[in-house]
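Below you'll find the structure, written out as C-alpha cells, and then a few comments.
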Amino acid sequence: MKETTRSYLATIELPENQYAYQFLAGFGHKVKIIKPQSFIEKYVNFLEGAVKLYK
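Residues 7 to 61, numbered by my numbering, are exactly what the sequence shown covers, in order.
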C-alpha cells in the first residue's frame with residue numbers, strides 16, 4: 007500500500023490564550039502554525055510547560 011502526503015492551508019483566527027493552544031494541541035504533530043510569530047512563541051511556551059510535567 008503506497009502512502010501519499012497531503013497538506014492543507016487553513017486560515018483561522020484564534021485568541022492568544024490557553025483554550026486556543028489546547029485546541030491546536032489536539033491536532034498533535036499534524037498542525038503547523040505559520041504566523042504570527044508572537045502566537046507561535048506563546049504556543050511553544052504552552053507546549054514546553056506541558057512537557058516539563060513529565061521531566
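For glycine and all other residues, C-beta sits at the position ideal for the given N, C-alpha and C. Owing to the predicted nature of the structure, the values given are computational and were not obtained by experimental measurement.
Hey, could you find the ends of the alpha helix (DSSP H) residue i is sitting in?
i                : result
phenylalanine 52 : 43 to 58
alanine 26       : 24 to 31
Enumerate in chain order the residues of its own chain whose CB-to-CB distance from residue i is below 8 Å, with the five nearest sequence positions on each side excluded.
i         : result
valine 37 : Leu30
Distance, Cα to Cα, residue i vs residue j?
i                : j                : result
phenylalanine 52 : lysine 41        : 16 Å
asparagine 23    : tyrosine 14      : 24 Å
alanine 56       : phenylalanine 45 : 17 Å
tyrosine 27      : glutamine 43     : 14 Å
tyrosine 16      : isoleucine 39    : Here residue 16 is alanine; the residue named in the question, tyrosine, does not match the sequence. So the alpha carbons of these two residues sit roughly 10 Å apart.
methionine 18    : threonine 11     : The sequence as given places isoleucine at residue 18; methionine does not occur at that position. Cα-Cα distance, rounded: 22 Å.
lysine 61        : glutamate 47     : 21 Å
Grouping DSSP H, G and I as helix and E and B as strand, with all else coil, what is residue i?
i         : result
lysine 38 : coil
If you drop the 5 nearest sequence neighbours on each side, which residues of the same chain put their C-beta closer than 7 Å to that of residue i?
i           : result
tyrosine 49 : Tyr27, Leu30, Ile39
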